[in-house]
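All remarks here apply to the structure that follows.
In mature numbering (1 follows the signal peptide of the UniProt record, and there is no 0), the protein residues as written are -22 to -1, 1 to 475.
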């Protein structure tokens, strides 16, 4: 899988000169960057259930432009000293920190059954603030997506620059005259999405390290590789009569790159939109409609506006299970399934303005159509994958193994472990650097769902990610034996031969 190239790509990014900008857009836009540690392993749950709805409410009422949560990819979280980065964008400095009365009003309106003290208590319990820095835009190839109402690119390469006092204007001139045209060509040829330059605004002074940061935006790792491969030829073609080596030496005199990081987008708010998501009942189904907390077995597919299938759940095997309301950010699915009984079908139409970057990229930018088939409605259940992750990341693999084995003797909370949720947990652990833990989780999934080709494919990914090509090949072969039509499995196996 692509994550196995992470270290190489991070090194390539670190060796690549990253710069370019234009005049800042009218009005000052403030980017508050908060670096967060995840002490309990529950920070994403807090983001999904508390922080994202809170910031979405602020975006909707106009007191904030945008909010996003990124995961640190490189260096790994242990080396970086934090796990996630919260980015919040405002057009008014006073809105960075609302007065207590303003915060309380947003919380009370968004969470009517939770007091502000309870809200912040839950947030502080599962997240530690490591640092908080506010930046303004010093330049960009184009306005940032967050300021023009568009979804953001999933990958950012962030470079922290220390520019000595008195050299700021020379540094900016160098970026504008030399590197901006190069980056413009990268965007035109599809090897980059955007580039921006930020200047630190708060805290003020020379005692706080890097005072500028450059940010390259990419759609995926393939685009990162294309950017790297085309860098030299694009730079030479853009400036055929310039000595790029001498220019880079001059740039080194103007700034020191103190750190390079790679961030991956996890969640972001959506802009207020006059276009709404529509729901159409195709088939009513029978029996009562599901209530919050009940488990729904379902299948579905996603189509573009031409009716071409972009994705369908059947490509991964069995029907899927989810608990209605367990993920409050998944509003489309939650709203759709509660409209019908068992056997019901709902069609959801999502306009482009309400889609994420990846959704727009995959379906060509038009309307997105989701057809959801509700197969069965079951009683309430409690999924155990979140608890398993908490133990794995806070107490270790051995403790998690003991806890899971103990459930066979006593399971007072009635934990159940479903295929797709465990599969997603395995990939989350891989992304966070827990290679051995990911193999353990995905092997448990294989044992529980031995007839699914996808559990073998995912376990093979985990072995490949950990550098164990022998076991990766064996499990890719088993996945193909169970599903010879899986082209993505065959492609990954072919790369290992």
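Yeah, the Cβ is synthetic: ideal placement off N, Cα and C, and Gly gets one too.
Just so we're clear, the structure is a prediction, and the values are computed from it rather than from any experiment.
For residue i, three-class secondary structure by DSSP
| i | result |
| --- | --- |
| residue 2 | Confidence is the limiting factor: at residue 2 the pLDDT is only 36, short of 50, which leaves the residue's position unreliable, though a coordinate-based value still follows. Residue 2: coil per DSSP, three-state reduction. |
| residue -7 | Here the model assigns residue -7 a pLDDT of 31, short of 50, so the residue's position is not dependable and the matter cannot be decided. |
| residue 93 | coil |
| residue 45 | strand |
| residue 142 | coil |
| residue 123 | helix |
| residue 405 | helix |
| residue 332 | helix |
| residue 60 | coil |
| residue 473 | helix |
| residue 74 | coil |
| residue 52 | strand |
| residue 27 | helix |
| residue 387 | coil |
| residue 131 | coil |
| residue 109 | strand |
| residue 465 | helix |
| residue 99 | helix |
| residue 84 | helix |
| residue 220 | coil |
| residue 7 | coil |
| residue 237 | strand |
Short Cβ contact (8 Å threshold) for residue i with residue j
| i | j | result |
| --- | --- | --- |
| residue 44 | residue 119 | no |
| residue 385 | residue 415 | no |
| residue 163 | residue 212 | yes |
| residue 230 | residue 188 | no |
| residue 302 | residue 312 | yes |
| residue 38 | residue 306 | no |
| residue 324 | residue 258 | yes |
| residue 479 | residue 177 | Because the chain here runs from -22 to 475, residue 479 falls outside it and cannot be looked at. |
| residue 114 | residue 182 | no |
| residue 457 | residue 438 | yes |
| residue 279 | residue 290 | yes |
| residue 55 | residue 136 | no |
| residue 104 | residue 222 | no |
| residue 373 | residue 46 | no |
| residue 73 | residue 41 | yes |
| residue 315 | residue 352 | yes |
| residue 450 | residue 422 | no |
| residue 336 | residue 326 | no |
| residue 10 | residue 66 | yes |
| residue 471 | residue 440 | no |
| residue 5 | residue 367 | no |
From the options, residue whose alpha carbon lies closest to that of residue i
| i | options | result |
| --- | --- | --- |
| residue 275 | 6, 411 and 319 | 319 |
| residue 101 | 246, 32, 325 and 329 | 32 |
| residue 77 | 94, 323, 62 and 67 | 94 |
| residue 444 | 260, 16, 404 and 55 | 404 |
| residue 81 | 56, 283 and 29 | 29 |
| residue 260 | 294, 317 and 362 | 317 |
| residue 293 | 364, 465 and 332 | 465 |
| residue 203 | 34, 169 and 223 | 169 |
| residue 425 | 453, 223, 83 and 208 | 453 |
| residue 477 | 185, 104, 160 and 112 | Residue 477 lies beyond the range of the chain shown here (-22 to 475); nothing can be said about it. |
| residue 340 | 367, 321, 266 and 287 | 287 |
| residue 460 | 427, 344 and 440 | 427 |
| residue 429 | 473, 368, 296 and 449 | 296 |
| residue 138 | 147, 111 and 264 | 111 |
| residue 108 | 17, 250 and 285 | 17 |
| residue 166 | 179, 149, 60 and 208 | 208 |
| residue 378 | 471, 310, 417 and 97 | 417 |
| residue 14 | 34, 348 and 60 | 60 |
| residue 224 | 285, 152 and 419 | 152 |
| residue 244 | 233, 89 and 63 | 63 |
| residue 106 | 24, 299 and 336 | 24 |
| residue 563 | 160, 381, 304 and 96 | Residue numbering for the chain in the displayed model covers -22 to 475; residue 563 lies beyond these limits and cannot be assessed. |
| residue 346 | 369, 255 and 300 | 255 |
| residue 334 | 363, 308, 322 and 365 | 308 |
| residue 201 | 380, 218 and 171 | 171 |
| residue 180 | 143, 155 and 71 | 71 |
Heavy atom of the ligand GTP within 7 Å of residue i beta-carbon
| i | result |
| --- | --- |
| residue 55 | Looking for the ligand GTP in the displayed structure turns up nothing, as the structure carries no ligands at all. |
Inter-stretch contact at 8 Å, needing at least 3 Cβ pairs: the region 190 to 197 / the region 129 to 147: In the pairwise beta carbon analysis, the region 190 to 197 is classified as touching the region 129 to 147: at least three pairs are separated by under 8 Å.
Three or more C-beta pairs under 8 Å: does that hold for the region 432 to 452 against the region 385 to 405? yes
With a floor of 3 residues, list each beta strand (DSSP E) that falls wholly inside the region 149 to 213, ordered by position along the chain. Runs of the beta strand (DSSP E) inside the region 149 to 213: 172 to 180 and 190 to 196.
Secondary structure, alpha helix (DSSP H): runs of 4+ residues fully inside the region 407 to 454: Fully enclosed alpha helix (DSSP H) runs of 4 or longer: 413 to 426 and 431 to 443.
Three or more beta-carbon pairs under 8 Å between the region 265 to 275 and the region 355 to 366, yes or no? yes
Three or more C-beta pairs below 8 Å linking the region 47 to 57 and the region 239 to 253: yes
Please give the ranges of any beta strand (DSSP E) in the region 243 to 324, keeping only runs that are unbroken, at least 3 residues long and fully inside the region. 256 to 261, 272 to 282, 287 to 290 and 298 to 301
Can you list the beta strand (DSSP E) stretches of 3 or more residues lying completely in the region 344 to 379, in chain order? Complete beta strand (DSSP E) runs here, min 3: 346 to 358.
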